[in-house]
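In full-length UniProt numbering, the protein residues as written are 1 to 233. What follows is a single structure, written as structure tokens, with notes after it.
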């Protein structure tokens, strides 16, 4: 009878030891899961738990090279935007060439600002496309934009005596081509450019807080400036 409590205590101690051993087996060694050295990544020993491309330090943004598909998509967006602008610029040049009197001065000043703002917008998009180092594509795109308005002026000077711009045929041609260019510009601006800049997952990582508010204000300010210029043009 005296040995019974002692045997019971031994059984309890043995059970506790077995439980502790099983509990220790369940513990995970994070160093075994992720043995990455701390000096090779900003996240230390748990470096592989961070998704590739995730910013670990706001002062050191991660820059990833663009894939061929991404580069092709950006180039197509830029080409579509430029196509709409080029169509538009030709007829702007034709309109300048047939304007006379005091209206010509006002029209010329308004169109100068209009083309400058469009050039800045198009140039920023061309610069965002990762062209090869020695590629001449961006320079050709820039030259095309600068060449179309003088081309439209030359066409206007040649044909202004052949037809009446105020006639039904002249108005139909100008209206038809302006409709094409406006459709291209609206699609490129709203569906591809603004939607990508403000509604994509990348935009929510880049534009946060005050940056997003400033971007909205910049879009509104640009729209107001173009509307003011359009009132005179």
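Glycine included, each C-beta is placed from N, C-alpha and C at the ideal position.
task = Figure out for me which residue from 68, 126 and 106 has the closest Cα to the Cα of residue 143.
result = Nearest of 68, 126 and 106 to residue 143, Cα basis: 126.
ask   = By how many angstroms is the C-alpha of residue 129 removed from the C-alpha of residue 218?
value = If I take the Cα positions, the gap works out to 22 Å.
task = Answer yes or no: do residue 145 and residue 86 have a C-beta to C-beta separation smaller than 8 Å?
result = Going by C-beta atoms, residue 145 is nearer than 8 Å to residue 86.
Sequence-distant residues of its chain with Cβ nearer than 7 Å to residue 113 (five each side left out) = 229, listed in sequence order.
key: Length of the line joining the Cα atoms of residue 147 and residue 122   = Between residue 147 and residue 122, the C-alpha separation is close to 14 Å.
query = Is the Cβ-Cβ distance between residue 91 and residue 152 less than 8 Å?
reply = With respect to the 8 Å criterion, residue 91 and residue 152 are classified as neighbours on the basis of their beta carbons.
message = Since residue 239 and residue 188 should fall inside the 8 Å C-beta cutoff, what is the C-beta to C-beta distance between them, to a whole number of angstroms?
response = Outside the displayed range of the chain (1 to 233) lies residue 239, so it cannot be described from this structure.
Three-way DSSP call (helix, strand, coil) for residue 112 in this model = If DSSP states are grouped into helix, strand and coil, residue 112 belongs with the helices.
query = If we ignore side chains and look at the alpha-carbon of each, how far apart do residue 226 and residue 179 end up?
reply = Their Cα atoms are separated by approximately 18 Å.
message = Under DSSP, the alpha helix (DSSP H) around residue 134 begins and ends at which residues?
response = Segment: none, residue 134 is in no alpha helix (DSSP H) and carries neither H nor E.
message = Does residue 199 pass the burial test, meaning 16 or more other C-beta atoms within 10 Å, or should it be called exposed?
response = With a 10 Å radius around the Cβ and a threshold of 16 neighbouring Cβ atoms, residue 199 comes out exposed.
key: CA-to-CA distance, residue 102 to residue 169, given in whole angstroms   = Between the alpha carbons of residue 169 and residue 102 lies a distance of about 26 Å.
key: Proximity to residue 162 [Cα-Cα], best of 195, 98 and 120   = Comparing Cα-Cα distances from residue 162 to each of 195, 98 and 120, the minimum goes to 98.
ask   = At what residues does the alpha helix (DSSP H) containing residue 77 begin and finish?
value = Residues 68 to 98.
query = Which same chain residues, not among the five before or five after residue 149, have their C-beta less than 7 Å away from its C-beta?
reply = Here the set comprises 89, 92, 93 and 115.
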